[in-house]
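**Student:** Mind having a look at this structure? Questions to follow.
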Amino acid sequence: MIYDVDRETLPREELETLQVKRLRNLCERVYANVGHYRRKFEEAGITPADINSLSDLKYLPFTEKQDLRNNYPFGLFAVPKENIVRLHASSGTTGKATVVGYTARDLNNWAELMARSFMAGGLSRRDLIHNAYGYGLFTGGLGAHYGAEKLGATVIPVSGGNTKRQVVLLRDFGATAICCTPSYSLYLYEAATEAGIDLRDLPLRVGIFGAEPWTDEMRYDIEQKMGISAVNIYGLSEIMGPGVSMECADAKDGMHIWEDHFLPEIIDPVTGEQLPPGERGELVITTLTKEGIPLIRYRTRDISRLNYTPCCCGRTHVRMDRVMGRSDDMLIIRGVNVFPSQIESILLETEGASPHYQIVVKKHGNLDVMEVQVELSENMFSDEIKNLQRLEGRIQKTIKEFLGVTAKVRLVDPRSIQRSEGKAKRVLDLRNEE
152 MIYDVDRETL PREELETLQV KRLRNLCERV YANVGHYRRK FEEAGITPAD
202 INSLSDLKYL PFTEKQDLRN NYPFGLFAVP KENIVRLHAS SGTTGKATVV
252 GYTARDLNNW AELMARSFMA GGLSRRDLIH NAYGYGLFTG GLGAHYGAEK
302 LGATVIPVSG GNTKRQVVLL RDFGATAICC TPSYSLYLYE AATEAGIDLR
352 DLPLRVGIFG AEPWTDEMRY DIEQKMGISA VNIYGLSEIM GPGVSMECAD
402 AKDGMHIWED HFLPEIIDPV TGEQLPPGER GELVITTLTK EGIPLIRYRT
452 RDISRLNYTP CCCGRTHVRM DRVMGRSDDM LIIRGVNVFP SQIESILLET
502 EGASPHYQIV VKKHGNLDVM EVQVELSENM FSDEIKNLQR LEGRIQKTIK
552 EFLGVTAKVR LVDPRSIQRS EGKAKRVLDL RNEE
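See below:
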């Protein structure tokens, strides 16, 4: 099923014509209304009149998260504050918060795109959606909520936390779909198991998972444990929130970016040069229709690649690979680039290891040392010491073979690594604290 057949199956030529028209309009709006962009255009020696095709996109300036912080709170807004009907913001734990504003049209577009996304993932108005994304300044909860209502489905606004109660509600209310982070779904599974509830016996059939990188191996693990179809959703608060792109249940092979609203490109994260289709690099997004705080060439720092081959679902919008990590979260260990998702893939293919892990990086003299703490699965916990030592050695050998870096592997007790009700914290980098 397709929510908006006309727009989601628009022929590529017509879609690109629409993108050029909206890109030109965007440039005119920010040049007239946002001092930051007017200065950036002038520094680059361009005007909106110079943007006449998609190939001209590369001449436009990048926008980075620091630009939002430098213009905190409302310096990048392109409309009068009385036209803003909602604000969202990041936590600001690594500096000033980034603040985004929405007009009434922005919120309507967001709900429409989330409804598109839910239907692409296999949902319909007949579904009962358990929404465990956090409500408040975080965009996840409200984004999923209004998208579910736009679809015509029933939404249960559970938000995050109270995990034991959530398990009971899943059983008592009979939700057919759940929205949360993939790591939290495994936490719910553990809590359900402790409570004697088998999630596979419930009506639950679809999980819409996002807000953190995860692998196909984790997808398989979740699907087997919960008895559901697990699909990937992508978004970020600076661009809109969840629903920027969505995996279709038909293919489960990349997430369709809704290109009538977002113009994507892939760049080399070091040089900033555009990369050709099919090459992996940093995802950059331009918001084509956003009114409150439109962004030109926003550097997401997420590592992905674009796939323009036709999809079996019939949608013509480009697909992005699942995010394998972030260019600013990438670990460099003795000259080798390491992403947490690569470690996760290895662990999920290793019998006896659980999907719960943490990477700890320290300095030993002048050398970087990486330790991977891995929770044992329940059935391995009481095994003989020599078998556990073999498991540690096997994981360490596989990491060396596949990633080219030596890591110390330490097996830890089941459920000893702290669980998160939001994004899982996979890396503890202590190199600057010693």
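First residue of the sequence shown: 152, per my numbering; consecutive thereafter.
Note that the Cβ used here is the ideal one computed from N, Cα and C, for glycine as well.
Given the structure is predicted, the values throughout are model-derived calculations rather than measurements.
(1) Ignore the nearest five residues each way along the sequence and tell me which others in residue 571's own chain have a CB closer than 8 Å to its CB.
(2) Report the option in 269, 247, 267, 238 whose CA atom is closest to the CA atom of residue 254.
(3) Identify the continuous alpha helix (DSSP H) that holds residue 424 and give its terminal residues.
(4) How big is the Cα-Cα spacing for residue 170 and residue 197?
(5) Are residue 467 and residue 163 touching if we call contact CB-CB under 7 Å?
(6) Is it buried or exposed for residue 206, if we count other Cβ within 10 angstroms and need 16 for buried?
(7) Buried or exposed, going by whether 16 or more other CB atoms sit within 10 Å of the CB of residue 152?
(8) In terms of residues, what are the limits of the alpha helix (DSSP H) holding residue 186?
(9) Could you spell out the range, first to last residue, of the beta strand (DSSP E) harbouring residue 386?
(10) In the DSSP assignment, find the unbroken alpha helix (DSSP H) run with residue 296 in it and report its ends.
(11) In terms of residues, what are the limits of the alpha helix (DSSP H) holding residue 338?
(12) Does the Cβ-Cβ distance between residue 264 and residue 409 come in under 7 Å?
(13) In whole angstroms, what separates the C-alpha of residue 342 from that of residue 566?
(14) State the Cα-Cα distance for the pair residue 166 and residue 411, rounded to the nearest angstrom.
(15) For residue 300, I'd like the list of residues in its chain whose CB is within less than 7 Å of its CB, leaving aside the five on either flank, ordered along the chain.
(16) State whether the segment 504–518 contacts the segment 473–493, with contact taken as three or more CB pairs (one from each stretch) at a distance under 8 Å.
(17) Are the CB atoms of residue 199 and residue 182 nearer to each other than 7 Å?
(18) With DSSP collapsed to three states, give me the class of residue 433.
(19) So for residue 178, helix, strand or coil by DSSP?
(20) So, helix, strand or coil for residue 356, using DSSP?
(21) Would you call the segment 269–280 and the segment 377–386 in contact, with 3 or more CB pairs under 8 Å?
(22) For a test of the three-state rule: what should DSSP assign to residue 325, helix, strand or coil?
(23) Do you know how far the Cα of residue 429 is from the Cα of residue 477?
(24) Going along the chain, which residues of its own chain have a beta-carbon closer than 7 Å to the beta-carbon of residue 499, five neighbours each way excluded?
(25) Kindly indicate which residue of 324, 315, 413 has the alpha-carbon position closest to the one of residue 434.
(26) With a threshold of 6 Å, establish whether the CB of residue 229 neighbours any heavy atom of the ligand FMN.
(27) What's the C-alpha gap between residue 267 and residue 457?
(28) Mind checking which residues open and close the beta strand (DSSP E) that includes residue 522?
(29) According to DSSP, is residue 228 part of a helix, a strand, or is it coil?
(30) Do the segment 316–328 and the segment 349–363 meet, that is, are 3 or more Cβ pairs less than 8 Å apart?
(31) Can you give me the C-alpha to C-alpha distance between residue 157 and residue 260, rounded to a whole angstrom?
(32) Using 8 Å for Cβ pairs, my map puts residue 474 next to residue 455. What's the rounded Cβ distance?
(33) Below 8 Å on the Cβ atoms is my contact criterion, and I expect residue 592 with residue 561 to pass it. Report the Cβ-Cβ distance as a whole number of Å.
(34) Could you give the distance in angstroms between the alpha-carbon of residue 277 and the alpha-carbon of residue 172?
(35) Please classify residue 229 as buried or exposed, where buried requires at least 16 other C-beta atoms within 10 Å of its C-beta.
(36) Within a Cβ cutoff of 6 Å, which residues of the same chain sit near residue 289, ignoring the five residues on either side of it in sequence?
**Tutor:** Checking against the coordinates, here is how it stands:
(1) 332, 334, 335, 338
(2) 238
(3) No residue range can be given for residue 424, since it is assigned to no alpha helix (DSSP H) and is classified by DSSP as neither H nor E.
(4) Spanning the two alpha carbons is a distance of roughly 19 Å.
(5) yes
(6) exposed
(7) exposed
(8) Residue 186 -> alpha helix (DSSP H) spans 186–195.
(9) Per DSSP, residue 386 is one residue of the beta strand (DSSP E) stretching across 380–387.
(10) 290–302
(11) 333–345
(12) yes
(13) 11 Å
(14) 7 Å
(15) 306
(16) yes
(17) Yes, the pair counts as a contact, with Cβ atoms nearer than the cut-off.
(18) Note: residue 433 maps to strand in three-state DSSP.
(19) Secondary structure of residue 178 (DSSP, three-state): helix.
(20) It is coil, neither helix nor strand.
(21) yes
(22) Note: residue 325 maps to helix in three-state DSSP.
(23) 18 Å
(24) 366, 368, 369, 372, 506
(25) 413
(26) The ligand FMN is absent from the structure shown, which contains no ligands of any kind.
(27) 20 Å
(28) 518–527
(29) coil
(30) yes
(31) 16 Å
(32) 5 Å
(33) Coverage of the chain is limited to positions 152 through 585, which leaves residue 592 absent and any answer about it impossible.
(34) 37 Å
(35) Buried, by the Cβ-count rule.
(36) none
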